[in-house]
Amino acid sequence: MLIRRKAPMDFSELKLRYEEARNNIKKPLIGKAASHSRLLYFQNLLEACLRGTDAKFALEVESAYWAGYFTRMKLRPGVLDFLTWCRKNGIVTCILTDLTADIQFKKMIHLKIDKLIDWVVSSEEAGADKPHKSMFRLALKKMGLSRSDVLMIGDNYHKDILGAKALGIRTVLSK
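Set out below in structure tokens:
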């Protein structure tokens, strides 16, 4: 792996240090979009290993991380057909994501669904992660719909389903 080029360690130690760095970022930033930043995770990891900030290398590691992630990323079966059906039937679609808009847009483009999604709400835009009501309220505002007009389809019971239900939005848990 790229990190081991500058900070030699075995994979198990690297995995442990990554989890430590991830926790170092997530804990103080809980509920904020920045808590999901792989760049911050790698910056923290590299600073611990290299005793300083190497901005260029941190960006290189983050880029390699996402390149690997995107090569393995696939839509769940039926998602493309469902989104196409929504588009053909005039059903408005909106993605609510705890990731940053930058990463979510890249994911949508990579998966070739960007033209099938009408709206995106990111936690960095809403100011809080799901299940915070601000995410769902911003989605409703963007779509110009009321909570009785929408259906939240989510894969995380706590964040997606309970968050939507707190506002009286109908839900479907997708596994």
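Residues in the sequence shown are numbered consecutively from 616, following this note's numbering.
For each residue, glycine too, the CB sits at the ideal point set by N, CA and C.
At a Cβ-Cβ threshold of 9 Å, Val736 and Leu760 do not count as neighbours.
Gly769 is positioned such that its CB atom lies no closer than 9 Å to that of Leu753. Judged by beta-carbon spacing, Lys774 lies within the 9 Å limit of Asp713, meaning their Cβ atoms are closer than that value. Here Arg785 has Leu766 as same chain residues with Cβ atoms under 6 Å from its own Cβ, once five neighbours each way along the sequence are excluded.
One alpha carbon belongs to Leu665, the other to Thr686, and they sit about 29 Å apart. Across the structure, Arg653 and Gly693 are spaced so that their CA atoms are roughly 29 Å apart. Under the three-pair Cβ rule at 8 Å, the region 728-748 does not count as touching the region 633-644. Cα atoms of Ala682 and Phe657: separation of roughly 15 Å, rounded to the nearest angstrom. A direct Cα-Cα distance of roughly 45 Å separates Gly783 from Glu662. Residues of the same chain with a CB within less than 6 Å of the CB of Asp744, apart from the 5 flanking positions on each side, are Gly646, Asp713, Ser738 in chain order.
Setting aside the 5 residues that flank it on each side, Met750 is surrounded in the same chain by Leu711, Val736, Ser738, Ala741, Ala743, Asp744, Gly778, each with a C-beta closer than 8 Å to its C-beta; the list follows chain order. Inclusion of Ala636 and Asn659 in the CB contact set at 9 Å is warranted, their separation being smaller than that value.
DSSP lists Met767 as the bridge partner or partners of Thr786.
Comparing C-alpha distances from Ala673 to each of Arg619, Thr715, Glu628, Phe720 shows the shortest one belongs to Arg619.
Here Leu655 is buried: its Cβ has 16 or more other Cβ atoms, across all protein chains shown, within 10 Å.
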